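At position 155 of the sequence shown (counting the first as 1) the number is 1207 in my numbering, and the numbers step up by one without a gap.
For each residue, glycine too, the CB sits at the ideal point set by N, CA and C.
Quick caveat: nothing in here was measured; it's all calculated off a predicted structure.
A quick write-up on the structure given underneath.
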Amino acid sequence: STEKNRQAADAVGDSSPRLGTNNRQDEKPSHKKLCFRLAKEHDIPEDLNKVLENKLMETVSGLYYINMSVVEMTCSGDADEEGIVSKSVSSHSDLIPGVYEGGLKIWECTFDLIDYFSEAEIQFTNKTVLDLGCGAGLLGIVALKGRAEKVHFQDYNSTVIDKITLPNAVANCIRTGSGGDTKTSQPPSKRPKKAEHVPSVLTRCRFFSGEWSEVSRLLLSSNKPFSKYDVILTSETIYNPDYYGALHDTLAQLLDKNGRVYLASKVHYFGVGGGIPLFEKFIEERNVFRTSIVKTIDKGLQRCIMEMAFKESS
Ligand code: SAM
């Protein structure tokens, strides 16, 4: 199934999602310094049918996702903060002016982590989960289907949350109702069924956009009750060493003292500079987390799954 998933991942991004190969400059997350884009929470719209309007859904690993290479993005006069105007998508950089961090396609390490969840029998039942740097949000959706108590999704770009993550969560929630296990559910048809009201499974989700430190600040300062996460999932988020400080501190602030981080990454991001050895070194120097490489994937560009926990955790 891994090979099939990987082909699907390529089809979504219509090129191999490899940072630094320079074959598609427009799909490369930025190496520019990020401005501290303020964090915001995105409400779940009441009319869920609108969320899925004019979206072409595909399926991979029994999950729905919006095929970004064919979707036509439109936005009426009240353009959102990223200034999207009505146009057909010709490239991802056209779609999101300013700094784009790669959330519009599904990156291959997402599938590595999904495979790892089933191999290692990772349990999400009654857990509070964060999909950090979620893009399409498939990791969080898998956790939701695994009966997580709460799943929060975060992406740098607000357009990604509104146009991709939220619709993907809606499509998967409408289809599976109570959030049944992927393994036991029927193979989904191409069209998710119509939503009459917000299904209870979706009320377990919250959606956030913004830079990591800002999202962390928003969560911790909000007057809504916040409990730290039992599990933080993150895929292809350590390509840029400039963000390691913000990423480290966010994990340290938001993870429960006995929580676990599952991080999927390429070993090296050629051209961008980041990767597993550099990130491990950074974590070691901060002396807050212990890390272990729980899986290495040698097919194609070498990739890893890393588990992180607080040094003093049980
Ligand atoms: N996890 C998704 C996947 O595997 O398909 C998307 C990976 S994409 C290459 C990197 C993700 O990390 C994007 O969703 C981006 O918004 C987020 N990200 C990267 N740097 C960030 C930062 N400094 N603050 C907030 N989000 C960031």
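Does DSSP put residue i in a helix, in a strand, or in coil?
i	result
F1205	strand
S1344	strand
S1366	coil
C1257	strand
I1158	coil
I1357	strand
K1092	strand
K1309	strand
G1327	strand
D1350	coil
A1188	coil
E1263	coil
L1303	helix
S1273	helix
E1134	Note that E1134 scores 46 on pLDDT, short of 50, meaning its location in the model is unreliable and no value can be drawn from it.
L1165	helix
D1183	strand
V1212	helix
E1105	coil
Y1281	strand
Once the 5 residues before and after residue i are set aside, which same chain residues still bring their CB inside 7 Å of it?
i	result
I1193	L1115, N1220, A1221, N1224
D1164	A1316, I1349, R1355, I1357
L1429	Since the displayed the chain opens at 1053 and closes at 1366, residue 1429 lies outside it and no answer follows.
L1042	The structure shown does not extend to residue 1042, since the chain is modelled only from 1053 through 1366, so no value can be given for it.
T1236	Model confidence at T1236 stands at a pLDDT of 38, short of 50, so the residue's coordinates are unreliable; what they give is reported in the following sentence. So the list is empty, once near-sequence residues are dropped.
S1366	N1310
P1293	G1325, G1326, L1330
T1289	L1184, G1185, L1299
S1279	T1180
If I'm right that residue i touches residue j with Cβ under 8 Å, what's the distance once you round it to whole angstroms?
i	j	result
V1181	A1200	5 Å
L1270	I1284	Incorrect: roughly 16 Å between the Cβ atoms, too far for contact.
Y1291	V1313	Not really, about 17 Å apart at Cβ, beyond 8 Å.
F1331	Y1295	Going by Cβ atoms, the distance from F1331 to Y1295 rounds to 10 Å, so no, they are not a contact pair.
N1209	Y1152	6 Å
Once you ignore the five residues that flank residue i on each side, which residues in its own chain have a CB closer than 8 Å to its CB?
i	result
I1335	H1300, F1341, T1343, M1360
E1105	none
I1166	N1057, S1113, L1190, L1191, V1194
Measuring alpha carbon to alpha carbon, tell me which of the options ends up nearest residue i.
i	options	result
L1184	F1322, T1302, V1250, G1311	T1302
E1110	L1165, I1216, F1205	I1216
D1095	F1259, F1169, V1103, A1188	F1259
G1352	C1161, N1209, Y1168, D1214	C1161
Y1168	P1277, N1310, R1089, L1191	L1191
N1101	L1218, N1178, I1345, L1272	L1218
F1362	N1310, K1347, E1337	N1310
R1338	H1320, E1288, I1345, A1304	A1304
S1287	N1275, D1207, F1322	D1207
V1103	S1252, S1273, D1214	D1214
D1099	P1251, S1268, S1273, P1277	P1251
L1156	N1119, E1171, N1178, I1174	N1119
C1257	L1272, F1205, D1308, S1274	F1205
For residue i, I'd like the list of residues in its chain whose CB is within less than 6 Å of its CB, leaving aside the five on either flank, ordered along the chain.
i	result
A1298	W1264, S1265
A1195	F1176, V1181, V1203
A1188	Y1117, I1158, I1216, N1220
K1318	L1353, R1355
K1347	Y1168, I1357
E1364	none
I1345	C1356, M1358
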